[in-house]
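For the record, the sequence lines run as chains A and B.
Going by the numbering used here, 1668 is the number at position 509 of the first sequence; the sequence numbering is gapless.
Going by the numbering used here, 249 is the number at position 37 of the second sequence; the sequence numbering is gapless.
Here a beta-carbon is modelled for each residue, glycine too, at the ideal position from N, C-alpha and C.
The next block holds one structure in the form of structure tokens; read it before the comments.
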Amino acid sequence: MIPLLASKLILKCLERENVEYVFGYPGGAVLPLYEAFRTSPIKHILVRNEQAGPHYASGYARESGRVGVCLATSGPGATNLVTGIATAYLDSIPIVAITGQVDRALIGTDAFQEADITGATAPFTKHSYLVKNAADIPRIFREAFHIASTGRPGPVLIDIPRDVQLENVKTPLTWDKVEILGYNPTYTGHSGQIKRAVKKIKEANHPVIYAGGGVILGHAEKELLAFVEKNNIPVITSLMGIGSFPEDHPLYCGIVGSHGFEYSNVVMNASDLIINIGARMSNRATSNLTNFENNIEFVHIDIDPAEIGKNMEANIPIVGDAKTILIGLLEKDTVGEHTQWLSDIELMKVKYPLVYDADPPCSELINPKVLFRALSGMTSDNATMVADVGLNQIWSALYYRIIKDRKFFTSGGLGTMGYSIPAASGACFATLDNPKEIFVVCGDGSFQMGMGELGVIAEYQLNVNIILITNTKLGMVRQLQFDNYGKDHYSGTDLNFEIDFMKLAEAYGIKGFKVDNNADFEKVMPEAIKHKGPTLIQCQVHPDFIRI
Amino acid sequence: MEKKTCLSLLVENNFGVLSRISGLFARRGYNIDSLTVGTTEDAKFSRITITVTGDEQILIQIKKQLNKLIDVITVIELKPEESITRELVFIKVKTDDITRSQIVEIANMFRANIVDVARESLVIEITGTRHKIEGFFNMIEPYGILEFVRSGDTGLQRGAHVLSF
Chain A
1160 MIPLLASKLI LKCLERENVE YVFGYPGGAV LPLYEAFRTS PIKHILVRNE QAGPHYASGY
1220 ARESGRVGVC LATSGPGATN LVTGIATAYL DSIPIVAITG QVDRALIGTD AFQEADITGA
1280 TAPFTKHSYL VKNAADIPRI FREAFHIAST GRPGPVLIDI PRDVQLENVK TPLTWDKVEI
1340 LGYNPTYTGH SGQIKRAVKK IKEANHPVIY AGGGVILGHA EKELLAFVEK NNIPVITSLM
1400 GIGSFPEDHP LYCGIVGSHG FEYSNVVMNA SDLIINIGAR MSNRATSNLT NFENNIEFVH
1460 IDIDPAEIGK NMEANIPIVG DAKTILIGLL EKDTVGEHTQ WLSDIELMKV KYPLVYDADP
1520 PCSELINPKV LFRALSGMTS DNATMVADVG LNQIWSALYY RIIKDRKFFT SGGLGTMGYS
1580 IPAASGACFA TLDNPKEIFV VCGDGSFQMG MGELGVIAEY QLNVNIILIT NTKLGMVRQL
1640 QFDNYGKDHY SGTDLNFEID FMKLAEAYGI KGFKVDNNAD FEKVMPEAIK HKGPTLIQCQ
1700 VHPDFIRI
Chain B
213 MEKKTCLSLL VENNFGVLSR ISGLFARRGY NIDSLTVGTT EDAKFSRITI TVTGDEQILI
273 QIKKQLNKLI DVITVIELKP EESITRELVF IKVKTDDITR SQIVEIANMF RANIVDVARE
333 SLVIEITGTR HKIEGFFNMI EPYGILEFVR SGDTGLQRGA HVLSF
């Protein structure tokens, strides 16, 4: 066998995993890898800050359903990945992060650009490796991709010292068999628990399905729809569950939580059985639910046993994959009688309607709720909406309608500002051969955290439309300050310099639009969508518009 | 209701496995009462014994979180009625010519060993269950304990059953 340079072996391993793109930033400790990139078919995308790298990988993974890969050098390059890795962990997104490390002999000496990145990321990686021996590379890469993409997906980090990359190794590349003794995710639910769940579902008078991100990660949308229609059970989603169920369906009942719809929380509170499929029951989702302790029965389906009973006691726990379990449930007799319940829900919808109106001065500029409702009618059936964090996220989550094959990505678990631009760019790379409509929505706060990546968008002329909602304020924090401390207690939330975003767009060669009323938005947006290549649509919203 | 539980883990002998486990306890706010690690009959694996205090729900969550770690192969609870657990303690006691023989006598009753003798002190080695060691401390305390060190519990299941994967 001819010896192979470890850095080349690493790229061969990525090829074997069908990796198309690596979102990376070079540096001293990954020089051998970059030398190998020159002759590899894998395309390297030079991100403009390592902090964006994992978000690209995340957007790529969510759009393509495959593992996203990011790369950084040792020390500051690696520590810049930390927030993005944590973001992927909290949303269970399969990514592999590769970092360079100082030479083995220098580890632990506080060498130049040395950081203990496996230690730093341990709390929010599904697993991590420090490669001490080049011969382990094929096994470690196979395991890393396997762990990232199976069970409950999540980020895996591989830290590779520079001198390991320079070793010559005679290792067969084929390492198809993954044997990890301590890792064996459960996919099929326990038959006894399923039997109990079937009985409960059939008997329930006021059942609801609470669908989370697990339905999307488990590709179980079709099965969920079939189960819902067979049983006539209304569906409420979490923020991460947006996209798991079509929002124009008569059984759709909105989004729950402190930033959800009022009627959705009312429906959830009035239920007698919650069938939770792949949702965490986080504090943000359950803070408005008061009836839980009393008389709601709770079936919890999740692939991660540690989720069950963590935030809420489950009457019937079912550990397994959403798709497999729904297929199993579809074969069972679960159909109950819910006519009264469904008509009660219609009354709740009337009693707690969605409010679109705004008063002056807010009504003098753009009404973002109306904007997103209007946008729903303009975009294609398979558009992807990538929301940042803040009011922009909640407005788009609540009022942009996810129907048919549309997708909605956001940093739901960690709430990382600056997510949308790189994540949408990653989604663009996933669809480069067959471009589709991809939208960013962000505020002027989150835009300024991610705007360095406009360089990549411009370089590759990515087909992304950036809807930039500006109010020269950090809107959601202002909302919290208003609610917690009162009207005159805004503090540290002014971005009081009016950036000329049109000039900024022009500097990057991005087509810019600026609108300050809804009629103009509705005129301009179809043009922006039709435009080939990136666009920036600045939408001016009044700073006092802080309601969702 | 809070209770003390002894967990026995079989783990892969990988880089950083102990820090992953201790880090898990730290960041989720679980307290470790004691932790012991050692090699096993197979060099690829280590055994870890951890004693924790918490209510039933926390203990279930701890076990689930430990099982989530890729390096952790098996987690079992060492229930008192189905297992043997012991702890090793060294105790340095103040002595003089009068008390020395009394302390040796107490040590003998507890099947403890005297492992160091000096003019003004003794070091006693005692192995046993938590209750036995508490009893011994009670008896020896009046003589003046200078310092002591405890290994923390370690244990095995009774019978032919072995911890495997």
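Note down, in chain order, every chain B residue with its Cβ under 8 Å from the Cβ of A:Ala1281. Listed along the chain, the chain B residues whose CB falls inside 8 Å of the CB of A:Ala1281 are Gly228, Ser231, Arg232 and Gly235.
Provide the residue(s) that pair with B:Thr366 in DSSP beta bridges, ordered along the chain. Answer by DSSP bridge pairing, in chain order: B:Arg298.
With a threshold of 7 Å between beta-carbons, can A:Tyr1342 be considered close to chain B, or not? For A:Tyr1342, the answer is yes, since a Cβ of chain B falls inside 7 Å of its Cβ.
Considering only residues of the same chain and omitting the five flanking positions on each side of B:Val316, which have a CB-CB separation below 7 Å? Excluding sequence neighbours, B:Val316 sits near Ile326.
Can you check which of these residues, A:Gly1602, A:Ser1441, A:His1418 and A:Leu1524, is closest to A:Glu1472 by C-alpha distance? Looking only at A:Gly1602, A:Ser1441, A:His1418 and A:Leu1524, the smallest Cα-Cα distance to A:Glu1472 is reached by A:Ser1441.
If you compare alpha carbons, which of A:Ala1438, A:Tyr1215, A:Leu1639 and A:Ala1247 is closest to A:Thr1652? Answer by Cα proximity: A:Leu1639.
With a cut-off of 7 Å, does the C-beta of A:His1305 fall near any C-beta of chain B? Judged by the 7 Å Cβ criterion, A:His1305 is not in contact with chain B.
What distance in whole Å lies between the Cβ atoms of A:Pro1213 and A:Gln1272, which are believed to be in contact at a cut-off of 8 Å? Not quite, the Cβ-Cβ distance comes to about 19 Å (not below 8 Å), so this is no contact.
Can you find a CB in chain B that lies within less than 7 Å of the CB of A:His1286? Yes, A:His1286 lies at the interface with chain B (some Cβ there is under 7 Å from its Cβ).
Alpha carbon to alpha carbon, how far is A:Gly1416 from A:Val1426? Give it in angstroms, no decimals. Their Cα atoms are separated by approximately 12 Å.
Can you give me the C-alpha to C-alpha distance between A:Lys1566 and A:Ser1539, rounded to a whole angstrom? Rounded to the nearest angstrom, the two C-alpha atoms are 11 Å apart.
For A:Phe1457, does the count of other Cβ atoms within 10 angstroms reach 16, so buried, or fall short, so exposed? Classification for A:Phe1457: buried.
How big is the Cα-Cα spacing for A:Val1545 and B:Val301? Straight-line Cα distance between these residues: approximately 59 Å.
Minimum length 4: unbroken alpha helix (DSSP H) runs contained in the region 1568-1615 of chain A: The region 1568-1615 of chain A contains these whole alpha helix (DSSP H) runs: 1579-1589 and 1603-1609.
Taking DSSP as the reference, what is the three-state secondary structure of B:Ser234? B:Ser234 falls in the helix class under three-state DSSP.
Cα separation between A:Ala1274 and A:Thr1238? Rounded to the nearest whole angstrom, the C-alpha separation of A:Ala1274 and A:Thr1238 is 7 Å.
Are the C-beta atoms of A:Pro1185 and some chain B residue less than 7 Å apart? Answer no: the Cβ-Cβ gap between A:Pro1185 and chain B never drops below 7 Å.
For B:Ala330, three-class secondary structure by DSSP: Correct three-state label for B:Ala330: coil.
C-alpha gap between A:Asn1677 and A:Tyr1558, whole angstroms: If you take the alpha carbons of A:Asn1677 and A:Tyr1558, they lie about 14 Å apart.
I need the DSSP call for A:Ser1223, collapsed to helix, strand or coil. Under the three-state reduction of DSSP output, A:Ser1223 falls in the helix class.
Could you check whether the Cβ of B:Arg239 sits closer than 7 Å to any Cβ belonging to chain A? Closer than 7 Å: yes.
A:Ser1584 classed as buried or exposed, judged by whether at least 16 other C-beta atoms fall within 10 angstroms: With 16 or more neighbouring CB atoms inside 10 Å of its own CB, A:Ser1584 falls in the buried class.
With 16 as the cutoff for other CB atoms within 10 Å, does B:Val329 come out buried or exposed? With fewer than 16 Cβ atoms within 10 Å of its Cβ, B:Val329 is classed as exposed.
Is it true that the CB of A:Ile1436 sits closer than 7 Å to the CB of A:Ala1481? A contact, by the Cβ cut-off of 7 Å.
Any beta carbon from chain B within less than 7 Å of A:Leu1316's own beta carbon? Any Cβ of chain B closer than 7 Å to the Cβ of A:Leu1316 would place that residue at the interface, and such an atom is absent.
Residues in its own chain within less than 7 Å of A:Asp1105 by CB, not counting five upstream and five downstream? Nothing about residue 1105 of chain A can be reported from this structure: the residues present for chain A run from 1160 to 1707 only.
Taking 7 Å as the threshold (C-beta atoms), are A:Thr1246 and A:Thr1575 in contact? Yes.
Could you give the distance in angstroms between the alpha-carbon of A:Gln1260 and the alpha-carbon of A:Asp1603? One C-alpha to the other measures close to 36 Å.
Exposed or buried, B:Ile310, counting other C-beta atoms within 10 Å across all chains shown (16 or more means buried)? B:Ile310 should be labelled exposed.
Alpha carbon to alpha carbon, how far is A:Met1160 from A:Leu1192? Cα-Cα distance, rounded: 22 Å.
Please compile the residues from chain B whose C-beta is within a distance smaller than 7 Å of the C-beta of A:Pro1464. Lys276, listed in chain order.
Using a Cβ cut-off of 7 Å (strictly closer), state whether B:Asp283 contacts chain A. It does: the Cβ of B:Asp283 has a partner Cβ on chain A nearer than 7 Å.
How would you list, in chain order, the residues of chain A whose beta-carbon sits under 8 Å from the beta-carbon of B:Ile272? Gly1468, listed in chain order.
For A:Lys1682 and A:Ile1375, the rounded distance between their alpha carbons: So the two alpha carbons sit approximately 33 Å from each other.
I'd like to check one pair, A:Ser1287 with A:Leu1316: are the Cβ atoms closer than 7 Å? With contacts defined by Cβ atoms closer than 7 Å, A:Leu1316 and A:Ser1287 form a contacting pair.
Please list, in chain order, the chain B residues whose beta carbon lies closer than 7 Å to that of A:Gly1377. In chain order: nothing, as chain B lies at least about 18 Å away.
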